[in-house]
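This report refers to the structure that appears directly beneath it.
Protein chains: 4
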Amino acid sequence: METVLRSYLSDNTAGASTEILDAVVRAADGLAAPYGNDGLSKEMTEQFGAVFEHAVDVFPVTTGSAANGLALAALTPPWGSILCHPDGHITTDEAGAPEFFTDGAKITLVDGPGSKIDPELLRAAVGRRRGDVHSVQPAVLSLTQVTETGSVYTLDELRELSAIAHGAGLRVHMDGARFANALVALGVTPAELTWRLGVDVLSFGATKNGAMTADAIVSFDPGLRTELAYRHKRGGQLTAKMRFQSAQLAAYLRDDLWLRNARQANAMARRLADGLPERADAAANILFCRFPVELSRALKERGFAFYDDRWEPGTVRLVTSFAHRTEDIDAFLTAVHELAPVVA
Amino acid sequence: METVLRSYLSDNTAGASTEILDAVVRAADGLAAPYGNDGLSKEMTEQFGAVFEHAVDVFPVTTGSAANGLALAALTPPWGSILCHPDGHITTDEAGAPEFFTDGAKITLVDGPGSKIDPELLRAAVGRRRGDVHSVQPAVLSLTQVTETGSVYTLDELRELSAIAHGAGLRVHMDGARFANALVALGVTPAELTWRLGVDVLSFGATKNGAMTADAIVSFDPGLRTELAYRHKRGGQLTAKMRFQSAQLAAYLRDDLWLRNARQANAMARRLADGLPERADAAANILFCRFPVELSRALKERGFAFYDDRWEPGTVRLVTSFAHRTEDIDAFLTAVHELAPVVA
Amino acid sequence: METVLRSYLSDNTAGASTEILDAVVRAADGLAAPYGNDGLSKEMTEQFGAVFEHAVDVFPVTTGSAANGLALAALTPPWGSILCHPDGHITTDEAGAPEFFTDGAKITLVDGPGSKIDPELLRAAVGRRRGDVHSVQPAVLSLTQVTETGSVYTLDELRELSAIAHGAGLRVHMDGARFANALVALGVTPAELTWRLGVDVLSFGATKNGAMTADAIVSFDPGLRTELAYRHKRGGQLTAKMRFQSAQLAAYLRDDLWLRNARQANAMARRLADGLPERADAAANILFCRFPVELSRALKERGFAFYDDRWEPGTVRLVTSFAHRTEDIDAFLTAVHELAPVVA
Amino acid sequence: METVLRSYLSDNTAGASTEILDAVVRAADGLAAPYGNDGLSKEMTEQFGAVFEHAVDVFPVTTGSAANGLALAALTPPWGSILCHPDGHITTDEAGAPEFFTDGAKITLVDGPGSKIDPELLRAAVGRRRGDVHSVQPAVLSLTQVTETGSVYTLDELRELSAIAHGAGLRVHMDGARFANALVALGVTPAELTWRLGVDVLSFGATKNGAMTADAIVSFDPGLRTELAYRHKRGGQLTAKMRFQSAQLAAYLRDDLWLRNARQANAMARRLADGLPERADAAANILFCRFPVELSRALKERGFAFYDDRWEPGTVRLVTSFAHRTEDIDAFLTAVHELAPVVA
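Laid out in structure tokens, this is it:
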């Protein structure tokens, strides 16, 4: 392993937690029934039920795009619309996967500051042209928590949005690619952040936070079980050796590994934010700051990596993961403080 | 690990090869670029090119259904038909995944003995209602090698079928869920079994033969690269941490692990076939035999597992994998020979 | 108009009944609310309710393919299968329209003699792999009445098939492209031939029997209303000036025009059948007979038209329509009797 | 017919031109080959070729939604994006038909004043994330002419937008639901308004301007012929008795009926615009004006009909058609001038 982790490109550049790897190796032992009929998969589902304090159906998937696409497909008819924020991963970064999995449902954008949907705009959107056969019908609200730009909805905010959606007959989906980071940022339980708020189906991300290739659809509505099962198979996500995904998910939940990993990632982002010349905000594990172009260039010359070419010039995004340690952050901050005066 | 492997249900009940697991653990080390832009994924693609003696595009997937669905989608328009045998996995066991991934193309059945497509029937099928706007148009021939019932097409048979297809303007897809088992059964090279015969895209199975959850689409036609890339992403198969799949695929090919595993599985099937009271045929690692119902029951009582309820009564399917050892087979045969006279 | 109608190619080569044309011209008068909100469309729906003795939802469409596709889409999920006879128009002659409209459901063939589904085969098919997530699930039985080869199911036959389907949880669709011809052939009421037997949705054909371009989806299940309405719009079938279709459908039903037209077509087929050298069977308005190839050629030279190149050599299909008159038939029979001895 | 036409709701509330009706009645005479193989359909296609001064493929359809959906499906892969104005009919009023027909392509909005796409915004949009597998790819520019709010693109404006699109590798679609109204508004030829500007496929509207139920896809690219033909059939739009649609389209073009009708509609809109208390703009046959709520109410009490509830209070939309005559307009203006002072 390299001595200092110098990449802040994304939390998906990290490897996997030792506990996850150990679990996978152990899972390889012996024969097991395929397609989720193995013991590990059954235990894993029970574990999710305990963690979420609710009976759940869990469908392991290998990408967040599949989790989102399949979840949304179970929540909207093809003539429905999916309400999401313009920054939503499902509308910007999945090459049309939601449209594919839903057989052509339409994503309708509902704006709001800080990548969070504005309740007033949502209130207008859920009722728009309801019952008008010439228009797609609002069917599901999709919320990303942690949002794509690193902000975190409060429970109150989510409760209000969810109530607006349910009040108008919509279902609620949560894209939780960074669900654990949100949990520890808010200090709440999985139940409080999902079904107690009215979330019907959760795209549960584990890959960015320590797993290898294991995310999951977690459904709180038993009425969706059959449809999800067929869509999961038909969508090419029902693996023969599911035990290898279940082992990852089980190890991820076991002994709070997921929360410990997320706490580490969030803490590292906060340490970064606090140590920068201009304090930045880091609600979870993503932060945005402003670096002079020369500073960015100089940092990259020292081997640090981050995105600064997707927004207006000078805007830099830094993402931390469970793999970042205090010494990594400090090395970065040291470089910033050394280089900033020089390039100024 | 249990002392004796007693399951002959399917090769997908086996775990994974040690070399695969080691590779996965090694792959977890350090940061890596996501979505296939990591070094391991690039090396893996080059490895495939070397093994197949042809420039290839390789898209890792997590199920054979996804491999087949995406490959077929790149080879047929929605108004095309996919010609396959009635035993074809794509038509019997994927819950409509090909129809989903192709946006509604139609699977048309072309029969033949021993789960192999009959050339005369194919010749009739490829020309059927060509250019007639009222009918779906034959677009792709899909061949399974090893077939679903364990037979193996000879090179001559494949060459003839492929020539008929290409002669009529169709593309050729090979469902190679057990591709390695076919290679060693025939004693031919990967090139000989694919592009030299006219195979355009191969669904390359690794999971059943030693990998954890890694299959791949291998395309010999660079003209399909862009379309496959977008379909792969849109279909929820472009993983962030692709290195974990690439590591498996690379280890699978390295030092002929895949061929060694397949040789073991095939040899164990042959050992089984040769040792049964009534000799059976085992071209690869699947064999069918006839057991009196009482014998099946007695074997199951001893803990042996296999399918005997999917065909006419008395028909038993036995599948071996890389994990079966000589002593496992011998334990099974001993039981058969002990029990057969008793139940007779 | 030509003096003698010499075409027996299809009933869709006929023009339109005068009553239909008059109704269309009258419908053009004045302004009317669009998209089915006009008075004519409302009256037409009531008329259907009266004729079928059941509350119905009626969605005018412009092709039978659209009627079938939309009806089936409302009756099956994408992972469902549609059971139909191998001769079924939906599987042979719609270029994949059912697969398109249903977002990729699968058509599964259930054979039987005379283009009619065999009850025993259906009984096996409806239960096949039920609840098995690896397989599409039987969802809807689609029956064609009059069948594609001119046979007519009896009420008893339909009742049995429908009961098998409903007993296994499937819905029942009837492709009634020649529904009126079946009604008069059997001498039964519209109610007796549909909902009383368990038909959930009917593709109601009018075009072949006197209308210009007006068929309709007739649904007996109010629970499908909303879904059908959105699919109808989304499928490009909700016309702005629906009054022109409703006028056709209303005139078609008025004063039994549809039954008179069908009676004429059927009677002309029977007259043909009875007058041929070898008596043929004409249950409705389609008959098959055997002509020496020389006779067919000689008839075509005299300007008669029919298909004789789709089946084994010597097999001829003759289709009559409301437009054929006694003198047309007699002219054809005269020619047959004149030419038959000459070419023999 | 009512003495005074009092509806300004939409041009689709009008009936049909006498010439169209006469043509339909004449077309009913005798037998004709089905599915567009009749003489009338062939002549109609030639007529389009002459009128557009270009070899064309013409596919009659029964709704603009089908024309748009099928045309777009031939111009974009499912992972493509369709660039259109936020006011675009395809995104606001077709219940997801484009998403359905294209198998889930994505509509991306490009804004601009007066319902016209802004060239600078388009320039940015066509290049956005090109080649990035995580994003849908800009594939087709869809322009509505006359726009949904009655404005008319100039040739220069269209030329610029089309050049931007083609320069970036996109295709160009024109939604010409009111194509004739645009032609006469600009005083240009069909060729000048389409292929000479780079339009690849035109949704040719006839229904709103005098036909009964006949629109058409007009393709200037012979490379799309086969795909359009299969999509047209598969999409449920290939009618058996196509002669009835072809007769309408032929009569529509014959003797400049379409231009005369459009001139009448446009002139009536201009007469309205000029006679209102506050002059309004009427580029074609749609105009927006501001009426006090009391005035609208009083006009409706006198039987006049128009939409005033879709925009901010006080905004009124008036649409004229070929059926409006000078005396109709004057009756409306008289009422406005009588009522305006009273309600003020």
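These protein sequences, in sequence, are chains A, B, C and D. Under this note's numbering, read the first sequence as residues 1 to 344, first letter to last. Under this note's numbering, read the second sequence as residues 345 to 688, first letter to last. Under this note's numbering, read the third sequence as residues 689 to 1032, first letter to last. Under this note's numbering, read the fourth sequence as residues 1033 to 1376, first letter to last. Ideal Cβ placement from N, Cα and C applies to all residues, glycine included.
Query - Burial state of L1187 of chain D, where buried means 16 or more other Cβ atoms lie within 10 Å - result: In the fourth sequence, residue 1187 of chain D corresponds to position 155, counting from 1. L1187 of chain D comes out exposed.
Query raised in the report: How would you label D1306 of chain D, buried or exposed, when you count the other beta carbons within 10 angstroms and need 16 or more for buried?
Result: Sequence index remark: in the fourth sequence, residue 1306 of chain D carries index 274 (1-based). Answer is exposed; the Cβ neighbour count stays below 16.
Query - Interface flag, V480 of chain B vs chain C, CB-CB below 7 angstroms - result: Taking the first residue of the second sequence as 1, we reach residue 480 of chain B at position 136. V480 of chain B counts as touching chain C.
Query raised in the report: When you compare each of B:N525, B:P482 and B:A521 to I508 of chain B by their alpha carbons, which one comes out closest?
Result: Your numbering for residue 508 of chain B matches position 164 in the second sequence. Comparing Cα-Cα distances from I508 of chain B to each of B:N525, B:P482 and B:A521, the minimum goes to B:P482.
Query - Coarse secondary structure for M174 of chain A, derived from DSSP in three states - result: Here the question's residue 174 of chain A lines up with position 174 in the first sequence. If DSSP states are grouped into helix, strand and coil, M174 of chain A belongs with the strands.
Query raised in the report: Where does I1196 of chain D sit, in a helix, a strand or coil, going by DSSP?
Result: Here residue 1196 of chain D refers to the residue found at position 164 of the fourth sequence. Helix at I1196 of chain D.
Query raised in the report: How big is the Cα-Cα spacing for T678 of chain B and R350 of chain B?
Result: As a position in the second sequence, residue 678 of chain B is number 334, starting the count at 1. As a position in the second sequence, residue 350 of chain B is number 6, starting the count at 1. Those two C-alpha atoms are separated by around 12 angstroms.
Query raised in the report: Which class does G223 of chain A belong to by DSSP, given the choice of helix, strand or coil?
Result: Taking the first residue of the first sequence as 1, we reach residue 223 of chain A at position 223. Here G223 of chain A sits in helix by DSSP.
Query - Minimum Cβ-Cβ distance from K794 of chain C to chain B less than 7 angstroms - result: Translated into the one-based positions of the third sequence, residue 794 of chain C becomes position 106. Answer yes: the Cβ-Cβ gap between K794 of chain C and chain B drops below 7 angstroms somewhere.
Query - Between the CA atoms of F444 of chain B and T790 of chain C - distance to the nearest angstrom - result: Here residue 790 of chain C corresponds to residue number 102 of the third sequence, with the count starting at 1. Here residue 444 of chain B corresponds to residue number 100 of the second sequence, with the count starting at 1. So the alpha carbons of these two residues sit roughly 10 angstroms apart.
Query raised in the report: By Cβ distance, which residues of its chain are closer than 8 angstroms to W1111 of chain D, with the 5 residues on each side in sequence left out?
Result: Here residue 1111 of chain D refers to the residue found at position 79 of the fourth sequence. Correct list, in chain order: A1137, V1168 and Q1169.
Requested in this report: Establish whether the CB of W655 of chain B and some CB of chain C are separated by less than 7 angstroms.
Outcome: One-based indexing of the second sequence puts residue 655 of chain B at position 311. Not one chain C Cβ lies under 7 angstroms of W655 of chain B.
Query - Bridge partner(s) assigned by DSSP for Q481 of chain B - result: In the second sequence, residue 481 of chain B corresponds to position 137, counting from 1. Bridge partners of Q481 of chain B: B:G424.
Query - Where the alpha helix (DSSP H) through V1184 of chain D begins and ends - result: Residue numbering aside, residue 1184 of chain D sits at position 152 when the fourth sequence is read from its first letter. It is not in any alpha helix (DSSP H) - V1184 of chain D carries neither H nor E in the DSSP assignment.
Query - Helix, strand or coil at Y940 of chain C [DSSP, three-state] - result: Locating residue 940 of chain C in the third sequence gives position 252, where the first residue counts as 1. Helix at Y940 of chain C.
Query raised in the report: Looking at the unbroken beta strand (DSSP E) that takes in R634 of chain B, where does it start and where does it end?
Result: Mapped onto the second sequence, residue 634 of chain B falls at position 290. Looking at the DSSP string, the run of the beta strand (DSSP E) that includes R634 of chain B is I630 to R634.
Requested in this report: Using a Cβ cut-off of 7 angstroms (strictly closer), state whether V821 of chain C contacts chain A.
Outcome: Within the third sequence, the letter at position 133 stands for residue 821 of chain C. Answer yes: the Cβ-Cβ gap between V821 of chain C and chain A drops below 7 angstroms somewhere.
Query - Proximal chain C residues relative to D447 of chain B, where beta-carbon distance stays under 9 angstroms - result: As a position in the second sequence, residue 447 of chain B is number 103, starting the count at 1. The answer, in chain order, is E787, F788, D791 and G792.
Requested in this report: Within 10 angstroms of the Cβ of H1012 of chain C, are there 16 or more other Cβ atoms? Answer buried if so, exposed if not.
Outcome: Here residue 1012 of chain C corresponds to residue number 324 of the third sequence, with the count starting at 1. Buried is the call here.
**Report entry** Option nearest F1091 of chain D by Cα separation, candidates D:V1325, D:A1282 and D:E1180
**Finding:** Within the fourth sequence, numbered from 1, the residue matching residue 1091 of chain D stands at position 59. When each option's Cα is compared against that of F1091 of chain D, the closest is D:A1282.
Query raised in the report: Tell me which same chain residues have a C-beta within less than 7 angstroms of the C-beta of R614 of chain B, skipping the five on either side of it?
Result: If you number the second sequence from 1, residue 614 of chain B lands on position 270. So the qualifying residues of the chain are A626.
Query raised in the report: Nearest to A675 of chain B by alpha carbon, out of B:L616, B:C428 and B:A624?
Result: For the purposes of this step, residue 675 of chain B is identified with residue 331 of the second sequence, where counting begins at 1. The shortest Cα separation from A675 of chain B among B:L616, B:C428 and B:A624 belongs to B:L616.
Query raised in the report: If we cut at 7 angstroms on Cβ distances, does K804 of chain C have a partner in chain A?
Result: Counting from 1 along the third sequence, the entry for residue 804 of chain C is found at position 116. Taking Cβ atoms only, chain A never reaches closer than 7 angstroms to K804 of chain C, which makes this a no.
Report task. Scan the region 160–191 of chain A for residues whose Cβ lies nearer than 9 angstroms to a Cβ of chain D and list them as they occur along the chain. Result -> none
Query raised in the report: Counting contacts by CB-CB distance shorter than 7 angstroms, is M1 of chain A in contact with chain D?
Result: In the first sequence, counting from the first residue as 1, residue 1 of chain A sits at position 1. Here M1 of chain A scores only 43 on pLDDT, less than 50, and its place in the model should not be relied on; the value that follows carries that caveat. Closer than 7 angstroms: no.
Query - Reduced DSSP category for Y1339 of chain D - H, G, I as helix; E, B as strand; rest coil - result: As a first step, residue 1339 of chain D is located in the fourth sequence; it is residue number 307 there, counting from the start. DSSP places Y1339 of chain D in strand when its eight states are reduced to three.
Query raised in the report: From the DSSP output, which residues share a beta bridge with V905 of chain C?
Result: Counting from 1 along the third sequence, the entry for residue 905 of chain C is found at position 217. Position check: residue 905 of chain C holds Ile in this sequence, whereas Val was assumed. I905 of chain C pairs with C:F747 and C:S891.
Query raised in the report: When you check each C-beta in the region 1359–1373 of chain D against every C-beta of chain A, which residues fall closer than 7 angstroms?
Result: none
Requested in this report: Within its chain, find whatever has a CB closer than 6 angstroms to the CB of E1051 of chain D; leave out the 5 residues flanking it on each side and keep chain order.
Outcome: Reading the fourth sequence from its first residue, position 19 is the one you call residue 1051 of chain D. Answer for E1051 of chain D: A1283 and L1289, listed in chain order.
Report task. Starting from L453 of chain B, trace the beta strand (DSSP E) both ways and give me its first and last residue. Result -> Position 109 of the second sequence, counted from the first residue, corresponds to residue 453 of chain B. Residues K450 to L453.
Query raised in the report: Helix, strand or coil for T1226 of chain D per DSSP?
Result: In the fourth sequence, residue 1226 of chain D corresponds to position 194, counting from 1. It is coil, neither helix nor strand.
**Report entry** Simplified DSSP assignment, three categories, for M345 of chain B
**Finding:** Reading the second sequence from its first residue, position 1 is the one you call residue 345 of chain B. Annotation note: pLDDT 43 at M345 of chain B (below 50); position unreliable, no value reported.
Requested in this report: Would you list, in chain order, the members of the region 916–929 of chain C that have their beta-carbon closer than 9 angstroms to a beta-carbon of chain A?
Outcome: A917, Y918, R919, H920, K921, R922 and L926
Requested in this report: Would you kindly check if the distance between the Cβ of T583 of chain B and the Cβ of T62 of chain A is under 7 angstroms?
Outcome: The sequence position of residue 62 of chain A within the first sequence is 62, counting from 1. The sequence position of residue 583 of chain B within the second sequence is 239, counting from 1. Yes, the pair counts as a contact, with Cβ atoms nearer than the cut-off.
Query - Proximity to Y841 of chain C [Cα-Cα], best of C:L809, C:L829, C:A865 and C:G802 - result: If you number the third sequence from 1, residue 841 of chain C lands on position 153. Considering only alpha carbons, the answer is C:G802.
Query - Closer than 7 angstroms at the beta carbon, the chain B residues around A783 of chain C - result: Looking up residue 783 of chain C in the third sequence gives position 95. Near A783 of chain C (Cβ distances below 7 angstroms), the residues of chain B are W423, V477, H478, S479 and V480.
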